[in-house]
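Trainee: Position in the sequence shown (first residue = 1) + 12 = the numbering used here. C-beta: ideal position from N, C-alpha, C; glycine also.
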Amino acid sequence: MSKSALITGITGQDGSYLTELLLSKGYTVHGLVRRSSSFNTGRIDHLYEDPHEENRSLVLHHADLSDGVAMVNLLRDLRPDEVYNLGAQSHVRVSFDSPLYTGDVTGMGTLRLLEAIRASGIDTRIYQASSSEMFGAAPPPQNEHTPFHPRSPYGCAKVFGYWATVNYREAYDLFAVNGILFNHESPRRGETFVTRKISRAVARIHAGLQDTLYLGNLEAVRDWGYAPEYVEAMWRMLQHDTPDDYVVATGEAGTVRAFLTEAFAVVGRDWREHVEFDAKYERPSEVDALIGDAGKIETVLGWKPTVLWPDLARLMVQADISALEAELTGATVRIDR
Ligand code: NAP
Ligand code: G4F
Numbered sequence: 013m014s015k016s017a018l019i020t021g022i023t024g025q026d027g028s029y030l031t032e033l034l035l036s037k038g039y040t041v042h043g044l045v046r047r048s049s050s051f052n053t054g055r056i057d058h059l060y061e062d063p064h065e066e067n068r069s070l071v072l073h074h075a076d077l078s079d080g081v082a083m084v085n086l087l088r089d090l091r092p093d094e095v096y097n098l099g100a101q102s103h104v105r106v107s108f109d110s111p112l113y114t115g116d117v118t119g120m121g122t123l124r125l126l127e128a129i130r131a132s133g134i135d136t137r138i139y140q141a142s143s144s145e146m147f148g149a150a151p152p153p154q155n156e157h158t159p160f161h162p163r164s165p166y167g168c169a170k171v172f173g174y175w176a177t178v179n180y181r182e183a184y185d186l187f188a189v190n191g192i193l194f195n196h197e198s199p200r201r202g203e204t205f206v207t208r209k210i211s212r213a214v215a216r217i218h219a220g221l222q223d224t225l226y227l228g229n230l231e232a233v234r235d236w237g238y239a240p241e242y243v244e245a246m247w248r249m250l251q252h253d254t255p256d257d258y259v260v261a262t263g264e265a266g267t268v269r270a271f272l273t274e275a276f277a278v279v280g281r282d283w284r285e286h287v288e289f290d291a292k293y294e295r296p297s298e299v300d301a302l303i304g305d306a307g308k309i310e311t312v313l314g315w316k317p318t319v320l321w322p323d324l325a326r327l328m329v330q331a332d333i334s335a336l337e338a339e340l341t342g343a344t345v346r347i348d349r
C-alpha cells in the first residue's frame, strides 16, 4: 500500500518541492490550499491532476489554518500517514505589520492542526516547520540546545508552534517532530525575500528593465541552503523510528552584502552602482546572525547539504535570467528547478 500525506502550505516554495519528492516516492499527496480571488497554485501547476480523473496522486482541498473545524474534518476523512505543516505567514518583516494575524496562523494554526489530529483520533506522524528565526538574538553557531530568543512576531509564533509540537509528543505520545530549518532558497523563493529580490533584480538590470534595487540592512548574516535538499530532510525526520527535533543548515553563512556581490558578479556588474538603502525594509528588531550546526541530523539521519550559498546565488540569478528571457520572447515560463 502506498503512503499518503497531507501538506499545509503546498502552494509555497517548500510545499512544491516536497510534493515532487513525495510523488516520486509513490505517495498520494493531499494539499491544503487557501481560497484566493486569483490563482495561487503557480508553483504546483505542473503537477496538477484534473479532479475528474480517477486514482489521482495529487488532490487539493480548500481549507485554512485559521479554521480548526475544517482541519478536523479533513484529517478524519483523509486519515493521512504523514502530515507536513508548512503553512504560515512566513515573512518576518510583514509579521511586524500583521502581528496578530501572524500569531494566529503561524502559531495558533499549528496548535489547531495538532489538536485536529488528536480530536480526529487518527494514527499519523506530523512534521512542524520550525525556524532558525526562533534563535533570534542567540549568538551563532546555533544547534538543538541553543536557547530561543525570538526577535519578531513571526519568531514568537514559531516558538509557540515548536513547544506545542513538543507538548503533543510528550502529552499524547504523538509522533511529532520539529525541523528547525535555517534559511533555504531556490528559484521558487517568494519574490520579497532578500535572495530572490536580489536575483530577480539582477536579471532585470541585466535586461535593461530596471536600474535601482532598494534594500534594507546589508550586514545581516544568513546560512542560506537549497530548498530541494531541505525537503528531503523533512521527509527523513518522519521515516525515523523515534520522533525528535533537528537543526537543518549548511553551516556556511554570508552577509546580504556578500550575496549581492556574488549575484551581481554573474552579469559582470558592481552592485554598488545599483543598490540604494530604503529604511522601510529594516525591521524594528533585527536578527544579526544565523549560522547552523547541523551535526545531529547528519549523524542520526545521514542528511548532508551539498549546495552552499555562493552556488545558490549563481543558480538563482541564472534561473531568473532564463525566466525573464522566456517571458520577453513570449515562451511559456515554468519554474522547474
Ligand atoms: P512560503 O513560500 O511563504 O509558503 C507558505 C505557505 O503557507 C503558502 O502555501 C501559503 O499559501 C500558506 N499559507 C499562508 N497562510 C495560510 C493560511 N492562513 N492557511 C493555510 N495556508 C496558509 O514559505 P516556505 O518558504 O515554503 O516555508 C515553508 C514553511 O517553513 C513555513 O512555515 C515557513 O515559516 C517555514 N520556514 C521557512 C524557511 C525558509 O527559509 N524558507 C526557514 C524556516 C522555516 P499561499 O500560497 O496562498 O500564500
Ligand atoms: O530574506 P529575508 O526576508 O529572510 P529572514 O528574515 O531571514 O526570514 C526567512 O528565513 C527564516 C529562517 O531563519 C524563515 F523562518 C522565514 O520564514 C523566512 O523564510 O531577510 C534576510 C535578511 C534580513 O536580515 C533582512 O533584514 O535580509 C535583510 N534584508 C535587507 N534588505 C532584507 C532586505 N530582507 C528583505 N526581505 N527585503 C529587503 O529589502
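1. In angstroms, rounded to a whole number, what distance separates the CA positions of Phe205 and Ala75?
2. Heavy atom of the ligand G4F less than 6 Å from the Cβ of Glu66, yes or no?
3. Under a criterion of Cβ closer than 5 Å to any non-hydrogen atom of the ligand G4F, which residues qualify, in chain order?
4. Could you tell me the boundaries of the alpha helix (DSSP H) in which Ser143 lies?
5. Label Glu285 either buried or exposed according to how many other C-beta atoms from any shown protein chain fall within 10 Å of its C-beta, with 16 as the threshold for buried.
6. Using three-state DSSP, classify Asn97 as helix, strand or coil.
7. Nearest to Ile134 by CA position, among Pro159, Phe187, Gly99, is which residue?
8. Beta-carbon within less than 8 Å of Gly342's beta-carbon, same chain only, minus the 5 sequence neighbours each way: which residues are those?
9. Go through the segment 160-228 residue by residue and report every complete run of the beta strand (DSSP E) that reaches 3 residues or more, in order.
10. According to DSSP, Arg269 sits in a beta bridge with which residue or residues?
11. Just to confirm, are Pro162 and Thr114 a CB contact at a threshold of 7 Å?
12. What would DSSP say about Ala232, mapped onto helix, strand or coil?
13. Measuring straight from C-alpha to C-alpha, what distance separates Gly38 and Ser28?
14. Leaving aside the five residues before and after Arg88 along the sequence, list all residues of the same chain whose C-beta is less than 6 Å from its C-beta, in chain order.
15. Report yes if the CB atom of Ala275 is closer than 7 Å to the CB atom of Ile210, and no otherwise.
16. With 16 as the cutoff for other CB atoms within 10 Å, does Lys170 come out buried or exposed?
17. The alpha helix (DSSP H) that contains Leu313, what's its start and end?
18. Check whether the Cβ atoms of Thr40 and Ser16 lie closer than 7 Å to each other.
19. List the whole-angstrom C-beta distance separating Val268 from Ile309, where the pair is believed to meet the contact cut-off of C-beta under 8 Å.
20. So does Asp76 have its beta carbon nearer than 6 Å to some heavy atom of the ligand MG?
21. Please determine whether the Cβ atom of Leu313 lies at a distance below 6 Å from any heavy atom of the ligand NAP.
22. Hey, Tyr139 and Val189: beta-carbon distance below 7 Å or not?
23. Among the residues of its own chain, which have a CB less than 7 Å from the CB of Glu294, if the five just before and after it don't count?
24. Which word fits Leu221, buried or exposed, when buried means at least 16 other C-beta atoms lie within 10 angstroms of its C-beta?
25. Quick check: the segment 117-124 against the segment 90-101, are at least 3 beta-carbon pairs closer than 8 Å?
Mentor: Let me spell this out:
1. Numbered from its first residue, the sequence shown carries residue 205 at position 193. Numbered from its first residue, the sequence shown carries residue 75 at position 63. In this structure, the alpha-carbon of Phe205 lies about 25 Å from that of Ala75.
2. Position 54 of the sequence shown, counting from 1, holds the residue named residue 66. False, no ligand heavy atom lies under 6 Å from that Cβ.
3. Going by the Cβ distance cut-off, the answer is Ser102, Val104, Ser143, Ser144, Glu145, Asn195, Phe205, Val206, Leu227, Gly228, Asn229, Ala232, Val268, Tyr293.
4. Numbered from 1 along the sequence shown, position 131 holds the residue referred to as residue 143. In the DSSP assignment, Ser143 falls outside any alpha helix (DSSP H) and within the unbroken beta strand (DSSP E) covering 137-143.
5. Your numbering for residue 285 matches position 273 in the sequence shown. Glu285 is exposed by the Cβ-count criterion.
6. Reading the sequence shown from its first residue, position 85 is the one you call residue 97. Here Asn97 sits in strand by DSSP.
7. Residue mapping note: residue 134 aligns to position 122 of the sequence shown, counting from 1. Among Pro159, Phe187, Gly99, the Cα nearest to that of Ile134 is on Phe187.
8. Counting from 1 along the sequence shown, the entry for residue 342 is found at position 330. Excluding positions up to five away in sequence, the list is empty.
9. Those beta strand (DSSP E) runs which fall completely within the segment 160-228 and span 3+ residues are 187-193, 225-227.
10. As a working mapping, residue 269 is identified with position 257 in the sequence shown. DSSP lists no partner for Arg269.
11. Translated into positions along the sequence shown, residue 162 becomes position 150. Translated into positions along the sequence shown, residue 114 becomes position 102. Contact flag unset, no.
12. The count along the sequence shown starts at 1 and reaches residue 232 at position 220. Here Ala232 sits in coil by DSSP.
13. The count along the sequence shown starts at 1 and reaches residue 38 at position 26. The count along the sequence shown starts at 1 and reaches residue 28 at position 16. Each residue's Cα considered, the two are about 16 Å apart.
14. In the sequence shown, the residue the question calls residue 88 occupies position 76. Only residues of its own chain outside the window of five on either side were considered, and among them Ser132 have a CB closer than 6 Å to the CB of Arg88, listed in chain order.
15. Sequence index remark: in the sequence shown, residue 275 carries index 263 (1-based). Sequence index remark: in the sequence shown, residue 210 carries index 198 (1-based). Yes.
16. Taking the first residue of the sequence shown as 1, we reach residue 170 at position 158. Classification of Lys170: buried, given that the 10 Å Cβ count is 16 or more.
17. Residue numbering aside, residue 313 sits at position 301 when the sequence shown is read from its first letter. From DSSP, the alpha helix (DSSP H) with Leu313 extends over 307-313.
18. The residue labelled residue 40 in the question sits at position 28 within the sequence shown. The residue labelled residue 16 in the question sits at position 4 within the sequence shown. Yes, the Cβ-Cβ distance between Thr40 and Ser16 is below 7 Å.
19. Numbered from its first residue, the sequence shown carries residue 268 at position 256. Numbered from its first residue, the sequence shown carries residue 309 at position 297. Going by Cβ atoms, the distance from Val268 to Ile309 rounds to 26 Å, so no, they are not a contact pair.
20. This structure lacks the ligand MG; the ligands present are the ligand NAP and the ligand G4F.
21. Position 301 of the sequence shown, counted from the first residue, corresponds to residue 313. No, since every heavy atom of the ligand NAP falls outside the 6 Å radius drawn around the Cβ of Leu313.
22. As a working note, residue 139 is residue 127 in the sequence shown. As a working note, residue 189 is residue 177 in the sequence shown. For Tyr139 and Val189, yes; Cβs fall inside 7 Å.
23. Position 282 of the sequence shown, counting from 1, holds the residue named residue 294. Within its own chain, the residues whose Cβ lies closer than 7 Å to the Cβ of Glu294, once the five positions on either side in sequence are excluded, are Gly228, Asn229, listed in chain order.
24. If you number the sequence shown from 1, residue 221 lands on position 209. The residue is exposed, with fewer than 16 neighbouring Cβ atoms inside 10 Å.
25. Between the segment 90-101 and the segment 117-124, the count of C-beta pairs closer than 8 Å reaches three or more; the two stretches touch.
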